[in-house]
């Protein structure tokens with residue numbers, strides 16, 4: 631069983647009022663109204679609005695970690711010239727290779743992602759969940775805003791940040807390889823040809839499962 635039940639998180643959900651079109655608080659009391667949007671994005675750099683997304687991977691689950699659906703798309707950025715050699719070496723981005731792999735325009739990628747989001751979540755409010763969640767959230771918001779939408783139109787305000795969850799489970803570290811080692815997991819692949827948003831989302835989900843298992847072992851689930 632996989633359920634985000636850290637005490638501090640649930641207290642926060644309880645005391646903050648719901649906004650429009652969101653599930654009832656707290657999520658653990660209304661599990662059918664909530665889900666996890668486990669996301670990883672690859673980009674041409676570190677600055678949203680200047681640099682751009684080149685792919686996005688997402689695995690949507692219920693609060694117990696049962697998969698509802700998954701999504702992946704490569705994206706042709708409007709300004710590929712802004713991608714540094716360092717970044718290209720990390721994520722394998724190359725304009726010709728992206729075309730060969732079926733990358734979509736930004737507009738088509740947004741349409742495909744929102745179609746997946748709406749069809750997969752059903753009536754659930756999705757909690758955006760990522761490793762260094764603000765990075766992924768801000769890049770996704772920048773892309774959505776360029777195409778007439780925004781992050782807050784589709785996700786709740788709250789974010790689940792995986793290093794923060796690991797810290798609460800007794801792993802006071804932030805580097806993904808170190809956190810993985812503490813949890814008995816392999817580090818996320820560093821092979822640029824294998825490293826994608828979807829491989830990142832799969833790794834994120836594995837880390838979440840391991841964190842929850844560790845919390846159960848130490849009795850720190852908040853239940």
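Residue numbers (my numbering): 631 to 853.
Quick reminder that beta carbons are idealized off the backbone N, C-alpha and C, glycines included.
For clarity, every value in this text was computed on a predicted model and none was experimentally measured.
Problem set entry | Sub-8 Å separation of residue 671 and residue 766 beta-carbons | Sequence index remark: in the chain shown, residue 671 carries index 41 (1-based). Sequence index remark: in the chain shown, residue 766 carries index 136 (1-based). Closer than 8 Å, so yes.
Exercise. Taking all protein chains shown into account, do 16 or more other C-beta atoms lie within 10 angstroms of the C-beta of residue 787, making it buried, or fewer, making it exposed?
Worked result: In the chain shown, residue 787 corresponds to position 157, counting from 1. Taking all protein chains in view, the Cβ of residue 787 is surrounded by fewer than 16 other Cβ atoms within 10 Å, so the residue is classified as exposed.
Exercise. Between 835, 840, 658 and 760, which lies nearest to residue 696 when the distance is taken from Cα to Cα?
Worked result: The count along the chain shown starts at 1 and reaches residue 696 at position 66. Nearest neighbour of residue 696 by Cα position, chosen from 835, 840, 658 and 760, turns out to be 835.
For this session: May I have the straight-line CA-CA distance separating residue 660 from residue 749, to the nearest angstrom?
Result: The residue given as residue 660 occupies position 30 in the chain shown. The residue given as residue 749 occupies position 119 in the chain shown. If I take the Cα positions, the gap works out to 20 Å.
Exercise. Is the stretch 730–737 touching the stretch 697–714 in the sense that three or more CB pairs, one from each, lie closer than 8 Å?
Worked result: Short answer: they touch.
For this session: Pull up the DSSP beta-bridge partners for residue 672, would you.
Result: Against the chain shown, residue 672 aligns to sequence position 42. Beta-bridge pairing links residue 672 to 685.
Exercise. Does the pairing of the stretch 679–698 with the stretch 822–837 give three or more beta-carbon distances under 8 Å?
Worked result: Per the Cβ contact rule, the stretch 679–698 is in contact with the stretch 822–837 (3 or more Cβ pairs under 8 Å).
Problem set entry | residue 678 classed as buried or exposed, judged by whether at least 16 other C-beta atoms fall within 10 angstroms | For the purposes of this step, residue 678 is taken as residue 48 along the chain shown, with counting starting at 1. Residue 678 is buried by the Cβ-count criterion.
Exercise. What residue ranges within the stretch 692–734 form continuous beta strand (DSSP E) runs of no fewer than 3 residues, ordered along the chain?
Worked result: Runs of the beta strand (DSSP E) inside the stretch 692–734: 697–706.
Exercise. Is the CB-CB distance between residue 796 and residue 841 below 8 Å?
Worked result: Locating residue 796 in the chain shown gives position 166, counting from the first residue. Locating residue 841 in the chain shown gives position 211, counting from the first residue. Yes. Within cutoff.
Exercise. In angstroms, rounded to a whole number, what distance separates the CA positions of residue 638 and residue 727?
Worked result: Here residue 638 refers to the residue found at position 8 when the chain shown is read from its first residue. Here residue 727 refers to the residue found at position 97 when the chain shown is read from its first residue. Because the pLDDT of residue 638 is 42, which lies under 50, any placement of that residue in the model is unreliable, and the number read from its coordinates should be weighed accordingly. Using only the alpha carbons, I get a separation of about 45 Å.
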